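Some notes on the structure that comes next.
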Amino acid sequence: MKAVIPLDDAGADLATVGGKGASLAALARAGLPVPRGFHITTEAYRAFVADFRQETLAAAAAGDAERIAALFAGREVSGPIATEIRAAYAALGDDVPVAVRSSATAEDLPGMSFAGQQDTFLNVTADGLLDAVKRCWASLWNARAITYREQNGVPHDDVALAVVVQELVDADAAGVMFTADPVTGARDSTLINASWGLGEAVVGGHVTPDTVVVSGGAVVEERTGDKTVMTVRIPGGTREEPVPEDMRRAPVLTGSQALALAELGARIQALYGTPMDVEWVRRAGAFAVVQARAITGSAPQVEEWNDSLKSDYLWTSGNLGEAIPDVMTPITWSFVRLFIDEAMSAAALPGFDLVGNIGGRFYMNLSIAVSIARAFGMQSRLSAIEQVFGRLPPGLEVPPLEMSRLRIITSVLPTAVHIQRKVRANLKGMRAFLASSLERCEELRAAIRSASSAPELAGLWSRAVEPHFVTACRMLEAAGRQGGSMLVLTRDRLRTMVGEADADAMLTGVSGEGELASLGLITGLSRLGAGEITRETFARFYGHRGPHEFEVSVPRPGEDPAWIDAQLAVLRDMRAGADDMLARQRKSREEAWARFARRHPRQEAAMRARVERWAGVVRDREATRSEVIRAFWVLRAFVLRAGELTGHGDDLFHLYLDELLAVLGGDAAPLERVPVRRATYEMYAALPPYPTLIVGRFDPVRWAADPGRRADVYDARGAVPPAVDTVTGFPGAPGVVEGVARVLARPEDGERLQPGEILVTTLTNVGWTPLFPRVAAVVTDIGAPLSHASIVARELGIPAVVGTGNATTRVRDGDRIRVDGARGTVELVGPP
2 MKAVIPLDDA
12 GADLATVGGK
22 GASLAALARA
32 GLPVPRGFHI
42 TTEAYRAFVA
52 DFRQETLAAA
62 AAGDAERIAA
72 LFAGREVSGP
82 IATEIRAAYA
92 ALGDDVPVAV
102 RSSATAEDLP
112 GMSFAGQQDT
122 FLNVTADGLL
132 DAVKRCWASL
142 WNARAITYRE
152 QNGVPHDDVA
162 LAVVVQELVD
172 ADAAGVMFTA
182 DPVTGARDST
192 LINASWGLGE
202 AVVGGHVTPD
212 TVVVSGGAVV
222 EERTGDKTVM
232 TVRIPGGTRE
242 EPVPEDMRRA
252 PVLTGSQALA
262 LAELGARIQA
272 LYGTPMDVEW
282 VRRAGAFAVV
292 QARAITGSAP
302 QVEEWNDSLK
312 SDYLWTSGNL
322 GEAIPDVMTP
332 ITWSFVRLFI
342 DEAMSAAALP
352 GFDLVGNIGG
362 RFYMNLSIAV
372 SIARAFGMQS
382 RLSAIEQVFG
392 RLPPGLEVPP
402 LEMSRLRIIT
412 SVLPTAVHIQ
422 RKVRANLKGM
432 RAFLASSLER
442 CEELRAAIRS
452 ASSAPELAGL
462 WSRAVEPHFV
472 TACRMLEAAG
482 RQGGSMLVLT
492 RDRLRTMVGE
502 ADADAMLTGV
512 SGEGELASLG
522 LITGLSRLGA
532 GEITRETFAR
542 FYGHRGPHEF
552 EVSVPRPGED
562 PAWIDAQLAV
572 LRDMRAGADD
582 MLARQRKSRE
592 EAWARFARRH
602 PRQEAAMRAR
612 VERWAGVVRD
622 REATRSEVIR
632 AFWVLRAFVL
642 RAGELTGHGD
652 DLFHLYLDEL
662 LAVLGGDAAP
672 LERVPVRRAT
682 YEMYAALPPY
692 PTLIVGRFDP
702 VRWAADPGRR
712 ADVYDARGAV
722 PPAVDTVTGF
732 PGAPGVVEGV
742 ARVLARPEDG
752 ERLQPGEILV
762 TTLTNVGWTP
772 LFPRVAAVVT
782 DIGAPLSHAS
792 IVARELGIPA
802 VVGTGNATTR
812 VRDGDRIRVD
822 GARGTVELVG
832 PP
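If you want our numbering, it's the 1-based position in the sequence shown plus 1.
Pasting the structure below:
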């Protein structure tokens with residue numbers, strides 16, 4: 002029996018020296034800075050407990066840790082085991098202070114660290130060495146260790162304990178280091194915690210340490226903690242002492258020392274081939290490693306989806322971001338990029354990203370629109386931008402593009418001329434497109450289902466699916482551009498002439514010559530509930546619209562009978578039917594027009610013609626948008642069929658379009674990225690929705706971990722206006738209502754919404770529309786006068802306040818509130 006072996010012994014494996022000992026042995030053999038020492042093997046432990054092993058197991062089964070402690074206390078370490086331990090210790094020098102650390106065989110394992118379950122004793126010398134070893138052995142059976150093993154399914158009779166004895170470094174500083182981000186698992190950054198004295202204050206959580214993040218060979222983040230205590234040596238052990246006042250807020254590490262530690266961590270990670278949790282100490286500027294284990298429970302390796310890192314722009318999730326509220330899978334992001342390229346080419350500026358993917362969520366670059374408006378001296382356009390994308394906080398300075406005014410003008414003008422020609426050409430074919438789109442999409446989905454091989458499906462993409470999708474996007478662009486600034490200017494002019502309430506009433510009823518697509522789900526569900534149409538008819542005409550209609554990994558309502566059942570249940574206890582609400586609003590519209598005619602008799606005809614043109618633009622825009630979404634259903638069918646034909650199922654949602662087409666062509670290489678992509682998607686999807694406005698570089702994970710985070714705005718420059726307690730926003734639809742607030746995060750929670758309550762939520766899109774007839778009013782964090790919530794609320798005559806920025810954080814579920822849709826205010830009347 003070998004009771005003791007050298008620290009770097011080649012036979013120092015898990016079974017012989019436990020997890021901690023095996024790790025230290027590997028570090029020592031690799032030449033890494035590890036304090037001198039030796040192992041007391043598991044054989045020594047087994048020999049010591051042989052006489053009372055069965056009693057120990059019986060006591061453990063009974064949960065009697067005190068009985069086991071008494072068994073160990075009643076015996077002494079003696080004989081050959083004691084002789085070997087004393088000899089190994091003497092080889093270190095005369096009465097050298099050592100650390101005596103437990104090292105169990107069930108320790109530092111994948112998924113189970115067992116950290117802190119057994120004991121460690123510091124500043125031990127010759128007189129107390131054997132007793133410290135025995136107490137380490139006994140700690141294998143303390144109450145917390147017994148419970149931990151039982152919770153993790155580790156049999157008690159399978160474990161044994163080795164002990165690591167190392168020279169104690171009289172450290173002036175110590176801490177822990179993670180060679181990958183412990184939250185995201187990202188391997189491009191190293192996180193270091195540091196404090197004064199020995200490392201026990203940091204490991205034990207008794208101090209707020211410094212935090213240093215190293216990435217790309219540079220220190221990218223530093224936070225100095227208020228280090229109130231430190232662990233220091235005293236005769237026979239250690240104790241915690243107050244940190245001197247001049248050291249409490251002083252940084253422990255210099256920049257060069259942090260880089261040196263990160264380099265040491267990189268060597269350790271390379272040795273193990275996995276991210277590591279490293280405990281380190283520093284003495285007189287030299288570092289040593291006292292423990293290293295794999296980061297257990299860490300997130301798998303992930304990618305970074307973050308276009309905010311490219312430059313300091315102003316990003317917004319308003320407007321189109323309301324229609325794309327989810328974290329997007331990679332294939333959806335590919336389709337959305339194609340959609341933007343074709344449907345919003347007029348807003349693009351060569352060399353700049355019009356849209357961005359920030360933590361998987363869709364954002365638009367407002368710096369482009371603002372910079373163009375300023376370059377052309379169109380300051381009035383800034384208010385129009387707010388009408389579409391939402392209000393900017395007072396004092397928020399919009400970062401301009403790094404581009405001269407002359408260059409902006411010379412870049413925009415040729416594009417504007419080209420867009421005008423393209424829009425005119427596409428408008429000529431828009432009516433025919435709208436008339437044929439439904440049947441064409443059905444034909445494409447049928448052709449996709451019939452494809453019998455991957456090459457055949459790939460050919461169908463290039464020959465038919467992509468061309469139809471591109472056409473749909475171009476038709477939406479044409480429909481949206483045909484009115485120029487009419488949508489904003491007409492509303493502003495009416496508000497000036499007749500006030501907010503009458504202006505909104507006069508602009509309703511845009512479905513007079515055809516159904517407004519935003520109301521389609523209400524209309525379809527009402528007809529289905531009344532038995533006027535079948536489920537098949539509902540699915541055919543309305544089944545493509547829903548709360549997650551851009552995300553192709555999510556089933557459409559037309560594919561999901563349970564979704565339809567849930568909406569029909571909501572309709573059964575509506576406050577009023579959609580037809581009744583539309584009729585009531587029609588009466589309000591007629592009364593508003595009568596008042597306009599009395600006040601402005603000579604302008605009535607011209608204004609009616611202008612409003613009808615306005616309504617036509619809205620109808621066309623809504624209709625073409627609906628057909629784009631119908632085309633997204635075709636795209637979903639394409640990805641699903643690709644998964645079937647290749648045998649890779651929903652893995653293909655985690656590929657980009659070019660990668661998916663490569664897989665269809667027989668290249669399996671892109672599939673290697675699927676686990677990382679899936680982990681990345683799940684990581685971002687677990688975070689709360691990010692702020693509506695983001696300025697500069699934004700880290701979604703660190704923002705989500707900040708208890709003081711803002712949901713309305715994030716400014717990396719640190720100039721965020723102070724948060725306000727009042728809730729105000731855009732007047733979305735007029736009317737004053739008092740009632741109970743129901744704060745909902747997603748439309749799937751709609752069953753919590755009782756008839757007559759006030760819906761308070763982050764944003765709404767078409768998928769929320771079936772809930773509108775049930776509510777007394779609508780309040781949103783995100784939105785503008787031309788957003789979904791405003792349009793639908795006005796059509797149905799429901800008061801609405803949109804774009805408040807803070808309603809969901811200031812209003813609690815069940816609060817009694819008063820909503821004034823004309824003034825854009827929300828007041829708290831009373832608590833739940």
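For every residue, glycine included, the Cβ atom is placed at its ideal position computed from N, Cα and C. Remember, predicted model here, so these are calculated numbers, not experimental data.
Let me know the secondary structure DSSP gives PHE115 once reduced to three states.
-> Residue confidence for PHE115 is low, a pLDDT of 43 falling below 50, so the modelled location carries little weight; the figure read from the coordinates is stated next. Of the three classes helix, strand and coil, the one that applies to PHE115 here is coil, per DSSP.
Distance, Cα to Cα, GLY378 vs GLY360?
-> Distance between the alpha carbons of GLY378 and GLY360: 34 Å.
Between the CA atoms of GLU44 and ARG30 - distance to the nearest angstrom = The C-alpha of GLU44 is placed about 22 Å away from the C-alpha of ARG30.
Would you check if the stretch 49-58 and the stretch 71-80 touch, i.e. whether three or more CB-CB distances between them fall below 8 Å?
-> These segments touch.
Option in PHE336, ILE373 and VAL328 with minimal Cα separation from ALA349 = When each option's Cα is compared against that of ALA349, the closest is ILE373.
Among ILE296, GLN483 and PHE633, nearest to GLN421 - alpha-carbon criterion = Here the closest residue by C-alpha is GLN483.
Excluding five sequence neighbours on each side, which residues of the same chain lie with their C-beta closer than 6 Å to the C-beta of PHE336?
-> Result list for PHE336: LEU636, in chain order.
Candidates ALA570, VAL612, ALA540 and LEU569: which alpha carbon is nearest PRO556's?
-> It is ALA540.
Taking the alpha helix (DSSP H) that ARG30 falls in, what are its first and last residues?
-> For ARG30, the uninterrupted alpha helix (DSSP H) segment begins and ends at 15-30.
Alpha carbon to alpha carbon, how far is ALA479 from ALA584?
-> Rounded to the nearest whole angstrom, the C-alpha separation of ALA479 and ALA584 is 31 Å.
Indicate whether ILE759 and ALA777 have their beta-carbon atoms separated by less than 7 Å.
-> Contact: yes.
Go to HIS789, then tell me how far its alpha helix (DSSP H) extends in each direction, as first and last residue.
-> Counting along the chain, the alpha helix (DSSP H) containing HIS789 begins and ends at 789-797.
Boundaries of the alpha helix (DSSP H) in which TYR657 is found, first to last residue = Going by DSSP, TYR657 is part of no alpha helix (DSSP H) at all; its letter is neither H nor E.
Taking Cβ to Cβ, would you say THR826 is nearer than 7 Å to SER554?
-> Here THR826 is not near SER554, since their CB atoms are 7 Å or more apart.
Would you say THR126 and ASP96 are within 7 Å of each other, going by their C-beta atoms?
-> Yes, Cβ-Cβ distance for THR126 and ASP96 is below 7 Å.
Distance, ILE799 Cα to GLY176 Cα | C-alpha separation (whole angstroms): 58 Å.
Which residues in the same chain as LEU477 place their Cβ atom closer than 6 Å to its Cβ, once the five residues preceding and following it in sequence are excluded?
-> Excluding the 5 residues flanking it on each side, LEU477 has same chain C-beta neighbours closer than 6 Å at ALA344, THR625, ARG626 and VAL629, in chain order.
Would you call the stretch 206-223 and the stretch 181-198 touching, i.e. three or more CB-CB distances under 8 Å?
-> Three or more Cβ pairs drawn from the stretch 206-223 and the stretch 181-198 lie within less than 8 Å of each other, which places the two stretches in contact.
Where GLU440 falls: helix, strand or coil (DSSP) | If DSSP states are grouped into helix, strand and coil, GLU440 belongs with the helices.
For the putative contact between PRO735 and GLU501, defined by C-beta atoms under 8 Å, what is the C-beta separation to the nearest angstrom?
-> That belief holds up - the Cβ atoms of PRO735 and GLU501 are roughly 6 Å apart, short of 8 Å.
Do you know offhand how far GLY129's Cα is from PRO98's?
-> Distance from the CA atom of GLY129 to the CA atom of PRO98, rounded to whole angstroms, is 10 Å.
Can GLY319 and PHE363 be called in contact, C-beta distance under 7 Å?
-> It is not a contact, given that the beta carbons lie outside the stated cut-off.
Pair within 7 Å by beta-carbon distance, VAL164 and VAL134 | Yes, these two residues count as a Cβ contact at 7 Å.
Measure the C-alpha to C-alpha separation of VAL812 and GLU673 and round it to an integer number of angstroms.
-> Rounded to whole angstroms, VAL812 to GLU673 spans 45 Å at the Cα level.
May I have the straight-line CA-CA distance separating ARG250 from ALA686, to the nearest angstrom?
-> Approximately 37 Å, taken between the alpha carbons.
Taking C-beta to C-beta, are ASP227 and THR212 nearer than 7 Å?
-> For ASP227 and THR212, no; Cβs fall outside 7 Å.
Opposite GLU222 in the DSSP bridges: which residues?
-> In the DSSP output, where bridge partners are listed per residue, GLU222 has VAL214.
When the Cα atoms are used, what is the spatial distance from THR239 to VAL744?
-> In a straight line, the C-alpha of THR239 is about 53 Å away from that of VAL744.
LEU93, DSSP secondary structure in three states = Coil, per DSSP.
Between LEU688, THR770 and ILE783, which lies nearest to VAL728 when the distance is taken from Cα to Cα?
-> Nearest of LEU688, THR770 and ILE783 to VAL728, Cα basis: ILE783.
Which residues in the same chain as LEU355 place their Cβ atom closer than 8 Å to its Cβ, once the five residues preceding and following it in sequence are excluded?
-> Excluding the 5 residues flanking it on each side, LEU355 has same chain C-beta neighbours closer than 8 Å at ILE341, MET345, ALA348, ALA349, MET365, ASN366 and ILE369, in chain order.
PRO1 versus ALA293, LEU72, ALA289 and SER309, residue with shortest Cα-Cα distance | This structure does not reach residue 1, given that the chain is present from 2 up to 833, and the question cannot be answered.
Nearest-angstrom Cα separation, counted from GLY822 out to ARG528 = One C-alpha to the other measures close to 30 Å.
Strand pairing of GLU537, partner residues [DSSP] | In the DSSP output, where bridge partners are listed per residue, GLU537 has none listed.
Per DSSP, SER554 is paired with what?
-> DSSP lists no partner for SER554.
Could you pull out every residue in the same chain whose Cβ sits closer than 6 Å to the Cβ of ILE386, ignoring the five residues on either side in sequence?
-> Cβ within range, chain order: ALA370.
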